[in-house]
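Put into structure tokens, the structure is as follows:
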């Protein structure tokens, strides 16, 4: 009889502890905490999870910058794109499990700009504003 009471007592304690843990976990994972996360924190986390790289992209001006960055960012999986007018380098953050880097090179080339790996799309280049038409031979 004592052993049955002892088992029932231990069972009751185990159930009460288990129930308490469910409430603790539920409180910890509440959506209130998720909604209060700063958007900049989310961006930082995403950038940390991405792969960073840079490569040369031919271009001349701030209009080129906008076109090049827009082409790169149009690809799903590219998280950040920043082309520097002076250095002619684009800095990318992308998810390498979602997109291949050559796909980004191709997207930029299709917008009229040569990269380290891919030559420009001539038709797109011809449609660029005059200030954006660099010497493709250099």
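In the numbering used here, the protein residues as written are 3 to 140.
Ideal placement from N, C-alpha and C gives every residue a C-beta, glycine not left out.
Is the Cβ-Cβ distance between residue i and residue j less than 7 Å?
| i | j | result |
| --- | --- | --- |
| residue 80 | residue 70 | no |
| residue 107 | residue 95 | no |
| residue 73 | residue 113 | yes |
From residue i to residue j, what does the alpha carbon distance come to, in whole angstroms?
| i | j | result |
| --- | --- | --- |
| residue 111 | residue 136 | 13 Å |
| residue 115 | residue 42 | 31 Å |
| residue 132 | residue 123 | 16 Å |
So residue i is in the alpha helix (DSSP H); what residue range does that whole segment cover?
| i | result |
| --- | --- |
| residue 92 | Residue 92 -> not in any alpha helix (DSSP H); beta strand (DSSP E) instead, spanning 91-96. |
| residue 127 | 124-128 |
Hey, residue i and residue j are a contact pair by Cβ (cut 8 Å); roughly how many whole angstroms apart?
| i | j | result |
| --- | --- | --- |
| residue 109 | residue 56 | About 16 Å; that fails the 8 Å criterion. |
| residue 61 | residue 88 | In fact, because the Cβ distance is near 11 Å, the residues do not count as touching under 8 Å. |
Original post:
For the segment 56-112, which segments carrying the beta strand (DSSP E) assignment without a break, of at least 3 residues, lie completely within its bounds, in sequence order?
Top reply: Counting whole runs of 3 or more residues, the segment 56-112 contains the beta strand (DSSP E) stretches 80-86 and 91-96.
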